[in-house]
Each structure stands twice: as structure tokens, then as C-alpha cells.
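To keep things clear, I will list the structure first and then write my remarks on it.
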Amino acid sequence: MDHIFLHGIKLEAKVGIYRRERATRQPIELDLDIALPSAAVFSSCKVADTIDYAVVVARLREELAERRFGLVEELAEFIARLLTEEFHAPWVRVSVAKLGILEDVKRVGVTIERGRKA
1 MDHIFLHGIK
11 LEAKVGIYRR
21 ERATRQPIEL
31 DLDIALPSAA
41 VFSSCKVADT
51 IDYAVVVARL
61 REELAERRFG
71 LVEELAEFIA
81 RLLTEEFHAP
91 WVRVSVAKLG
101 ILEDVKRVGV
111 TIERGRKA
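Each residue of the sequence shown is one higher than the one before, starting from 1 at the first, in this note's numbering.
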């Protein structure tokens, strides 16, 4: 399956269940693997026939500025749904990591894989 990847996306989000996490944004890191909706881009060489990764990052930044998530699992599920529904990706792998949240741990997070529902 052909896919694009965006690894090491650094954004800020309101995510967490603790009081301090609910009040402020914190740094997160995303790794995305996004299956292409079709192989058309390989013959057309047109961005309209693929998933524009700049648009993906802009949409995520926009959505994360407006929302709050209790768990990283909830955030990952939201991102997977956005990619499959809005960008028509047939399959995605989404990793979400909170940075520096635990002493002596660089990142904590979750990875999920989802396919588009027919």
C-alpha cells in the first residue's frame, strides 16, 4: 500500500486528565502514515491526486487550537477519523506522544491504525 508519512510533527494541544493538563497546552509529537486514496498521482504528478501534507498539518493545528482531549488515545482516534473522513485516506497509522510528561521519560503515547469505513 502506497502511503505518505509525516514524522516528528511538533504541535501543542490540550490533552490530559490532570488539572494542570486541562488548563494549558502542552507540546506533543505526531507521527502519521497515511495511505494514498489512489495511485493517480504517480501518473498525473498533480498534488490534487494525493494528500497535501501541508494541508494536513494546517488542519491539525487548527483543530488542536479549538479542542481539548482527555487521553492521548482520544486525540489519536480524532486524528485518524479526520484523515480517513476528510482526506479520504483508506488507512492510517497515528502515533501521538506527550513530551517530557514523566521524569526520565522522553515521550509517552499511543499508536493506532485505522481503516476507512465503507
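Where is the CB? At the ideal position from N, CA and C, for every residue including glycine.
Pairwise C-alpha distance: residue j and residue i
i: GLU74; j: ILE112; result: 11 Å
i: VAL92; j: LYS10; result: 18 Å
i: LEU83; j: HIS7; result: 15 Å
i: ARG22; j: ALA13; result: 10 Å
i: ALA40; j: ALA76; result: 28 Å
i: ASP49; j: SER38; result: 8 Å
i: ALA43; j: LEU99; result: In the sequence as presented, Ala is not what sits at residue 43; that position holds Ser. Near 40 Å, if we compare the C-alpha coordinates of LEU99 and SER43.
Whether residue i touches residue j by CB criterion (8 Å)
i: ILE34; j: ALA89; result: yes
i: ILE101; j: VAL94; result: no
i: ILE17; j: LEU71; result: yes
i: ILE51; j: LEU30; result: no
i: ARG114; j: ALA80; result: yes
i: PHE87; j: VAL56; result: yes
Own chain partners of residue i with C-beta closer than 8 Å, once the 5 adjacent residues on each side are dropped
i: PHE119; result: Any question about residue 119 goes unanswered here, given that the chain covers just 1 to 118.
Cut-off 7 Å between Cβ atoms - residues of its own chain near residue i, not counting five sequence neighbours on either side
i: HIS3; result: ASP33, ILE34, ALA35 and LEU36
Length at least 3, wholly inside the segment 64 to 95: the beta strand (DSSP E) runs in chain order: none
Runs of beta strand (DSSP E) lying entirely within the segment 11 to 55, each at least 3 residues, in chain order: 26 to 35
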